[in-house]
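**Q** So that we are looking at the same thing, I have put the structure below in structure tokens.
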Amino acid sequence: MSRNREISRRKFVVTAAAAGGGLMLGIAFTKGDVRRAAVPAKISGRPWESLAGKGDIEVGPWVVIAPDDTVTIRIGQSEMGQGVITSCAKMLAEELECDWSKVRAEYVSVNRHFRENKVYKRLVTTSSSSVRLGRPYLQQAGASARERLMAAAAQTWGVPRPELTVKDSVVTHQPTGRTLRYGQVAQKAAGLKLSAEPSVKTPDQYTLMKTPTKLLDVPPKVDGSAVYGIDVRLPGMLYAAAKASPVFLGKVKKYDADPVKNRPGVHSVVEFNGPEIEAGVAVVADSYWRAKTALDLLPIEWDEGAHGNDSSEDFFKMSRAALDESGAKVVTKIGEPEAALKNASQVVEAVYQVPYLDHTVMEPFNCTAQVKPDRVDIWVGSQEPEAATLDASKITGVPVENVYLHNCFLGGGFGRRGNQDDVRQAVAIAKQLNGRPVKVIWSREETTRHGYYRPMRVSRFRAALGPDGMPLAWHTRVAGVDEAVFAAKLVAAEGGLANTRAARTDEPADEQLIRGLHKLPYFAPNQLFDYHLRKTHVPTGPWTSVGRSQNEFFLETFVDELAHAAGKDPYDYRRTLLGANPEFPRAKAWIQVLGAVAEKSGWGKPLPAGSGRGVAIGDSRRLSRTEITICAMVATVSASKKGEVRVERFDVAIDTGPFLVNPLAAERQVEMQVVMGLAATLNQEITIEKGRVVQSNFDNYPLLRATQMPEVGVQWVRATDDPIAGIGEEAVGWVAPAICNAIFAATGKRIRSLPLKNHDLSWT
Amino acid sequence: MDEEKPAASASRGVAIRVSAGHSSEPFDREAHPIAGLAGAPAEKQTEKILLDQERSGWVYTHSTPGFRNGHPAARVELEVFTMLSLRVNRKTYSVDAEPETPLLWVIRDTIGLTGTKFGCGMALCGACTVHVNGKPVRSCVTRASRVVGQEVTTIEGLSPNAQHPAQIAWREGDVPACGYCQSGQIMAAAALLAKKPNPTDTDIEQEITNLCRCGTYRRIRQAIHRAAQIAAKS
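Line by line, the protein sequences are chains A and B.
Numbering (this note's numbering) for the first sequence: -4 to 759.
Numbering (this note's numbering) for the second sequence: 165 to 398.
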């Protein structure tokens, strides 16, 4: 009864506004105002909807040209604040030779990607890969479209192609001075086939790239029209508030819908579970607030499974114990490290640990889904729309050609929005609602407590130093927790879904544990790097910088410790160790970047008591790729005697390689990463008690506040000749060690575990 | 309707349901005029019901004789309930929501203006900042009933064509990154600028406590100074 009444109430509600004695009839469920943008739209607030008009011509799957020369470029990567829409559009426009002021952007159709044999190459936005992997095919798509447009002009005039030039969407026949605009030849170009694909520009030929470009996605983000996943509204849409098992891998034992089913607006109470779906219960209602308040009153009994007493404290104990256990997996062994350590007169040893971290996306988790027998629609902000589509298809049995994922703006990603748990859960809920669309929203608490966390980790570093302070032997041992245990467990049980890391990457599950540590940049004639991997029930996943936020804290803090043990300046010591390492061909470039940041930060200049500088450097090297991005940082901190630490400024030097696609976006990304790393270093940790996450909201998992913001100076350095790995996460890793090394310089206190809030930093 | 005076605090809403036999079908006002008001415009029919009734939760039942052979009587039910009357962006909305519903969810779900964001639900982050009578308010912890009769402004209503000096400055400085917190940041900034047309860095630090996960704080501060300049010129 209640269900019918609520539907009818919502549908036929008559609103009465008594103003002036008049009576207003209408439907209270007003549609969102579709507002006209005041600034000419370069991108729609609903980026998944095509801007292309009726007379617009598609010249290849990526490019649409309007009769008035407006060019719409399709973007396969997801915008979450990194400026990727603008960067992808630039890479293509660089070759298209179109008028940038007339470029618009829209997302590619994910559905078309599947229907046309993965025509958009890769719908993934992770690992700083958008430029690194996207540039070749985006440049090619732009060049191909340009050549077809020029061939069409040549045909129109009956002249040879070499007599034509092009600039800003205008093709000119040089001998006669005649011109044709792209809009005039697009129709003909669309029907042309090239006998051979044109070659593309090399970085030294770039004209549009390398220069700062304003971001296309800014205007809809200052007038409220940008639609994030959580903002989607559909006719007949229901809202769901979801609660998953507080203890990971638990089950719903029972729940009682009776106390809530007659509450206002409540539609139904549904359970969800399945492969790679944390089991739980959702209340479905006609508004989120009604769903949420009902969910809060819903009695649920959980089967906590085997992990109801697990704690992160125990995980740390287990990991610390593992440091002394035999059977560690060896990654690197050079010379006779054990013997050298045994015989050394000076051995420096340190044990480090870092906690689980949450991604803390600003937009709480959500997904809207509509499941019909022959079609599935999904609205979500996703870093991996391709994998999400495959998962939705698998869960519903609807062929992937009939799954439509509408990618929205992402209110932060950081690696979190590439796990598809939001999509799987929403699809599992929507499946039970007879084809009605439902928007599932997690509370902030649910979002914090059901993450795929940055893995906690413990490490022990030992180095034998010679009389000159140079390392004779070096042993790194890491005890990590499985980076994808949640997925792995369910894969084993169910045969796996599309998104599982094991299924779509060649990298071993422990690759992020290894990254950076596998190849020591500093000279040590005898080396050993080995590790243990332990399992916990806590889901983990990639967190911006993937591995570096832990490994570089260990490595760059330890080098600092060695410098002090050797009585050397930490900056000079690094230079010496790099210069002495014949096995590290990038040492020269490292030294260049290191020198740049030292100079900029005033390294070595006196500071008042209680202030100090700390340096850190790295290059984001990985086992699985050759590209690197060299980044060096100096943090300048001040610490009061009471132990209040303030990071005053960050100087960052980064190698650009031969080009940056958009220096404006690149600088913002570096600043963003400094803020991210700083917040984590100061205050953030996810702890586990009784099998569940303790933290819940910004009060106990604080973000950086404006008042804590340091000055950030970013300096571009041309230190290498190959394109860099990227810049989406290549600065995060060095924030923590730079700060902690600076704290040592300021207070004499060596920080070996994070976050800083757990330390007494007072000094006298 | 755009420039109405604030409406009375609460009014009555009516839900109508018609059922015939075992089925429950959408009620078509044209096809099934309420008894005694056949032919009258829908507004009149509703007015009559409202005038006749004082109490909420009343169910008006009207049964028609079997209108088709073999069918039991059709039944029309009317339910009266409280509606909140809210002024948002200079329009009056009567909304079906419990008085304790946070203003945020009324704005987003019921009225359908989604530029105001849900971030924390505890007034910690400010993503939900709107103006109530020009003052910045965190709508996630503000009961909807508290703002009845007051002027609520959201990012969508801050200015015609997004030309508020803060919005212009935000575009000039490419302030947003992911952008999710920026509606709240802009609303907080606009309220500050209204109070202090030329705020200092300290004013900004003290008054704008909104969180930004992407760390756009430096650009926000610069944009507020720029907005002050733009406002002074216009």
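Even for Gly, the Cβ is constructed at its ideal location relative to N, Cα and C.
In this text the structure is predicted, and so the values were computed from the model without any measurement.
Could you tell me the alpha carbon to alpha carbon distance between A345/A and R455/A, rounded to whole angstroms?
**A** Residue numbering aside, residue 345/A sits at position 350 when the first sequence is read from its first letter. Residue numbering aside, residue 455/A sits at position 460 when the first sequence is read from its first letter. Approximately 6 Å, taken between the alpha carbons.
**Q** For L233/A versus V279/A, is the C-beta spacing smaller than 8 Å?
**A** By 1-based counting over the first sequence, the position of residue 233/A is 238. By 1-based counting over the first sequence, the position of residue 279/A is 284. Going by C-beta atoms, L233/A is nearer than 8 Å to V279/A.
**Q** In whole angstroms, what is the alpha-carbon distance linking S220/A and L159/A?
**A** Taking the first residue of the first sequence as position 1, residue 220/A is located at position 225. Taking the first residue of the first sequence as position 1, residue 159/A is located at position 164. Their Cα atoms are separated by approximately 42 Å.
**Q** Out of A277/A, D416/A and G407/A, which has the shortest C-alpha to C-alpha gap to G723/A?
**A** On the first sequence, residue 723/A is found 728 positions in, with the first residue counted as 1. If we check each option's Cα against that of G723/A, G407/A comes out closest.
**Q** Under a CB-based cut-off of 8 Å, is S347/B close to chain A?
**A** For the purposes of this step, residue 347/B is taken as residue 183 along the second sequence, with counting starting at 1. Answer yes: the Cβ-Cβ gap between S347/B and chain A drops below 8 Å somewhere.
**Q** Would S240/A pass as a contact of K249/A if the rule is Cβ separation under 8 Å?
**A** The residue labelled residue 240/A in the question sits at position 245 within the first sequence. The residue labelled residue 249/A in the question sits at position 254 within the first sequence. Cβ distance not < 8 Å, so S240/A and K249/A don't count as in contact.
**Q** Is the beta carbon of Q331/B closer than 8 Å to that of D218/A?
**A** Looking up residue 218/A in the first sequence gives position 223. Looking up residue 331/B in the second sequence gives position 167. In this structure, Q331/B lies closer than 8 Å to D218/A by Cβ.
**Q** Taking only three categories from DSSP, how would you classify Y696/A?
**A** Here the question's residue 696/A lines up with position 701 in the first sequence. If DSSP states are grouped into helix, strand and coil, Y696/A belongs with coil.
**Q** Need the endpoints of the alpha helix (DSSP H) that W374/A sits in, please.
**A** For the purposes of this step, residue 374/A is identified with residue 379 of the first sequence, where counting begins at 1. First-last for W374/A: R370 to V375, but that is the beta strand (DSSP E), not the alpha helix (DSSP H).
**Q** Would you report the Cα separation of D365/B and D338/B, rounded to the nearest angstrom?
**A** In the second sequence, counting from the first residue as 1, residue 365/B sits at position 201. In the second sequence, counting from the first residue as 1, residue 338/B sits at position 174. About 19 Å.
**Q** Check whether the Cβ of D367/B lies closer than 8 Å to any Cβ atom in chain A.
**A** Numbered from its first residue, the second sequence carries residue 367/B at position 203. It does not; no Cβ of chain A falls within 8 Å.
**Q** Taking C284/B as the query, report the chain A residues whose CB atoms sit under 7 Å from its CB, ordered along the chain.
**A** To locate residue 284/B, count along the second sequence from 1; it is residue 120. Ordered by position in chain A, the residues that pass the 7 Å Cβ test against C284/B are R439, N692 and F693.
**Q** Apart from the five residues on each side of it in sequence, which residues of its chain come closer than 6 Å, Cβ to Cβ, to E768/A?
**A** Within the shown structure, residues of chain A are numbered from -4 to 759, placing residue 768/A beyond reach of any answer.
**Q** Given E684/A, which residues of its chain have a CB within under 6 Å of its CB, disregarding the five upstream and five downstream residues?
**A** Here residue 684/A is taken as the residue at index 689 of the first sequence, counted from 1. Cβ neighbours of E684/A beyond the five flanking positions: S306.
**Q** Alpha carbons only, please: which of H470/A, V647/A, A383/A and S164/A is nearest the one belonging to K97/A?
**A** Along the first sequence, read from residue 1 onward, the residue named residue 97/A stands at position 102. Checked all of H470/A, V647/A, A383/A and S164/A; the closest Cα to K97/A is S164/A.
**Q** Alpha carbon to alpha carbon, how far is T120/A from R130/A?
**A** For this step, residue 120/A is matched to residue 125 along the first sequence. For this step, residue 130/A is matched to residue 135 along the first sequence. Near 13 Å, if we compare the C-alpha coordinates of R130/A and T120/A.
**Q** Identify the contact partners of C342/B in chain A, using a Cβ-Cβ distance below 7 Å as the criterion.
**A** Counting from 1 along the second sequence, the entry for residue 342/B is found at position 178. By Cβ distance, chain A contributes M75, G76, M357, L405, G406 and G407.
**Q** Please check the pair T363/A and G224/A, which I expect to be a contact at CB under 8 Å, by giving their CB distance rounded to whole angstroms.
**A** Numbered from its first residue, the first sequence carries residue 363/A at position 368. Numbered from its first residue, the first sequence carries residue 224/A at position 229. About 7 Å separates the two Cβ atoms, so the contact holds.
**Q** Which residues in the same chain as L215/B place their Cβ atom closer than 7 Å to its Cβ, once the five residues preceding and following it in sequence are excluded?
**A** Taking the first residue of the second sequence as position 1, residue 215/B is located at position 51. Bear in mind that a pLDDT of 44 at L215/B, under 50, signals an unreliable position, so the number given afterwards is only what the model happens to contain. None.
**Q** Between the stretch 261 to 276 of chain A and the stretch 305 to 320 of chain A, are three or more C-beta pairs nearer than 8 Å?
**A** No, the stretch 261 to 276 of chain A does not touch the stretch 305 to 320 of chain A.
**Q** For I824/A, which of helix, strand or coil comes out of DSSP?
**A** Nothing about residue 824/A can be reported from this structure: the residues present for chain A run from -4 to 759 only.
**Q** Where M351/B and K216/A are concerned, what is the direct C-alpha to C-alpha distance, given to the nearest angstrom?
**A** Here the question's residue 351/B lines up with position 187 in the second sequence. Here the question's residue 216/A lines up with position 221 in the first sequence. Computed Cα separation, rounded: 13 Å.
**Q** Beta-carbon within less than 8 Å of R747/A's beta-carbon, same chain only, minus the 5 sequence neighbours each way: which residues are those?
**A** Taking the first residue of the first sequence as position 1, residue 747/A is located at position 752. Only A345, V346, Y347, Q348 and T552 meet the Cβ criterion.
**Q** Under the DSSP definition of a beta bridge, which residues are partnered with S258/B?
**A** Counting from 1 along the second sequence, the entry for residue 258/B is found at position 94. Answer is S249/B.
**Q** Return the first residue and the last residue of the alpha helix (DSSP H) that A560/A is part of.
**A** In the first sequence, the residue the question calls residue 560/A occupies position 565. A560/A -> alpha helix (DSSP H) spans R543 to A560.
**Q** By Cβ distance below 6 Å, which residues in the same chain neighbour D51/A in space, the five residues on each side in sequence not counted?
**A** Looking up residue 51/A in the first sequence gives position 56. Only V59 and A61 meet the Cβ criterion.
**Q** How about L698/A and R377/B: are their beta carbons less than 8 Å apart?
**A** Within the first sequence, residue 698/A is the residue found at index 703, counting from 1. Within the second sequence, residue 377/B is the residue found at index 213, counting from 1. Yes, Cβ-Cβ distance for L698/A and R377/B is below 8 Å.
**Q** Name the chain B residues that come within less than 7 Å of V213/A, Cβ to Cβ?
**A** Walking along the first sequence from the start, residue 213/A turns up at place 218. Result: R335, D338 and P340.
**Q** Mapping the DSSP letters down to three states, classify N112/A as helix, strand or coil.
**A** Your numbering for residue 112/A matches position 117 in the first sequence. In the structure shown, N112/A sits in coil (DSSP, three-state: anything other than H, G, I, E or B).
**Q** Does E320/B get closer than 8 Å to chain A when you measure Cβ to Cβ?
**A** Indexing the second sequence from 1 puts residue 320/B at position 156. Chain A, which has a Cβ nearer than 8 Å to the Cβ of E320/B, makes this yes.
**Q** For the stretch 272 to 300 of chain A, enumerate the residues whose C-beta is nearer than 7 Å to any C-beta of chain B, in chain order.
**A** Cβ contacts with chain B come from S282, Y283 and W284.
**Q** Taking 8 Å as the threshold (beta carbon to beta carbon), is M204/A in contact with chain B?
**A** The residue labelled residue 204/A in the question sits at position 209 within the first sequence. No - not a single Cβ of chain B is within 8 Å of the one on M204/A.
**Q** Between the stretch 256 to 268 of chain B and chain A, which residues of the former have a C-beta closer than 8 Å to a C-beta of the latter?
**A** Answer in chain order: T256, Y257, S258, V259, D260, A261, E262, T265 and P266.
**Q** Could you compute how far the alpha carbon of N402/A sits from the alpha carbon of E441/A?
**A** For the purposes of this step, residue 402/A is taken as the residue at position 407 of the first sequence. For the purposes of this step, residue 441/A is taken as the residue at position 446 of the first sequence. Each residue's alpha carbon lies about 22 Å from the other.
**Q** Is the distance from the Cβ of S757/A to the Cβ of K636/A below 8 Å?
**A** For this step, residue 757/A is matched to residue 762 along the first sequence. For this step, residue 636/A is matched to residue 641 along the first sequence. Yes. Within cutoff.
**Q** Using a C-beta cutoff of 8 Å, does F739/A count as contacting chain B?
**A** For this step, residue 739/A is matched to residue 744 along the first sequence. Answer no: the Cβ-Cβ gap between F739/A and chain B never drops below 8 Å.
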